[in-house]
């Protein structure tokens, strides 16, 4: 299937989930789900994957559910009343580690907002330990600081700090002390669904974001290699 944009029917389908959030409803609308969600998203993954090979030749772009396309089902143990996600998530990652602990290019969307990001959206304990060790290196933390400042100057948002307390042995007056407060690290932009989103132009639009953020991706990929 050639990617021609994300269909408006897909957003309408997600709107319907908000009002009918149940496995039974999704089972009854499986054909629409496959046609307006799964098929165009797989086509997008294929197309964007080819673009991203320009930046990362070995990028993981796998047009399958639970690979580059996130499952639409939540964990029923914790979401008995809302087992279906109201948004669609897509990820392209570099390396052999778990996709969520890898340097990645990400997007999710719902009927109200498209979120496009580069980075790692949550540091699990092992990766957090490696990250804090990494930024003890003067060269590496200065690199990261300059990357983040350059992205902010271009209008990108940076993940909010997760922690309120600094490590005990840290000099809080250090110009880079704020880096220790991150529990995730990514840069992102958001926008509302528009004509670009519903056309093939969304590929170039998002690729430009990923290209702008590539220095951050590279910094994080080096981190994962040492984790």
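Numbering (the working numbering), first residue to last: 655 to 881. Glycine included, each C-beta is placed from N, C-alpha and C at the ideal position.
Problem set entry | Beta-carbon spacing of residue 724, residue 844 below 8 Å | no
For this session: State the CB to CB distance for the pair residue 838 and residue 808, rounded to an integer number of angstroms; the pair is presumed to be in contact (CB under 8 Å).
Result: Actually they do not touch by this definition, with Cβ atoms about 20 Å apart.
Problem set entry | Candidates 720, 726, 747, of which the one nearest residue 710 by Cα | 747
Exercise. Where DSSP assigns a beta bridge to residue 772, which residues make up the other side?
Worked result: 759, 841
Exercise. If we ignore side chains and look at the alpha-carbon of each, how far apart do residue 661 and residue 728 end up?
Worked result: Inter-residue distance for residue 661 and residue 728 is about 23 Å (C-alpha atoms, whole angstroms).
Exercise. In three-state terms, what does DSSP make of residue 801?
Worked result: helix
Problem set entry | At least three beta-carbon pairs within less than 8 Å, the stretch 792-802 to the stretch 692-700 | no
For this session: Confirm, please, whether the CB-CB distance from residue 753 to residue 714 is below 8 Å.
Result: yes
For this session: Report yes if the C-beta distance between residue 749 and residue 840 is below 8 Å; otherwise report no.
Result: Residue 840 sits away from residue 749, with the two beta carbons spaced by 8 Å or more.
For this session: Work out the CA separation of residue 735 and residue 776 for me, nearest whole Å.
Result: 25 Å
Problem set entry | Three-way DSSP call (helix, strand, coil) for residue 671 in this model | Of the three classes helix, strand and coil, the one that applies to residue 671 here is helix, per DSSP.
Exercise. So which of 862, 868, 850, 875 has the shortest CA-CA distance to residue 659?
Worked result: Closest by alpha carbon: 850.
Exercise. If you compare alpha carbons, which of 833, 852, 826 is closest to residue 767?
Worked result: 852
Problem set entry | When 788, 722, 726, 791 are compared against residue 761, the one with the closest alpha-carbon | Residue 761 has its Cα closest to that of 722, out of 788, 722, 726, 791.
Exercise. Excluding five sequence neighbours on each side, which residues of the same chain lie with their C-beta closer than 7 Å to the C-beta of residue 771?
Worked result: 760, 840, 841, 842
For this session: Identify which residue in 866, 854, 871, 765 has its Cα closest to the Cα of residue 810.
Result: Comparing alpha carbon positions, the residue from 866, 854, 871, 765 closest to residue 810 is 866.
Problem set entry | Close-in-space but distant-in-sequence residues of the same chain around residue 832 (CB under 8 Å, 5 per side omitted) | 815
Problem set entry | Cα-Cα separation, residue 784 to residue 778 | 10 Å
For this session: Following the continuous beta strand (DSSP E) through residue 883, name the residue where it begins and the one where it ends.
Result: Because the chain here runs from 655 to 881, residue 883 falls outside it and cannot be looked at.
For this session: Classify residue 676 as buried or exposed, calling it buried when 16 or more other Cβ atoms lie within 10 Å of its own Cβ.
Result: exposed
Problem set entry | Through-space distance from residue 834 to residue 874, alpha-carbon basis | 15 Å
Exercise. When the distance is taken between beta carbons, is residue 667 closer than 8 Å to residue 686?
Worked result: Residue 686 places its beta carbon less than 8 Å from that of residue 667.
Exercise. To the nearest angstrom, how far is it from the Cα of residue 857 to the Cα of residue 707?
Worked result: 13 Å
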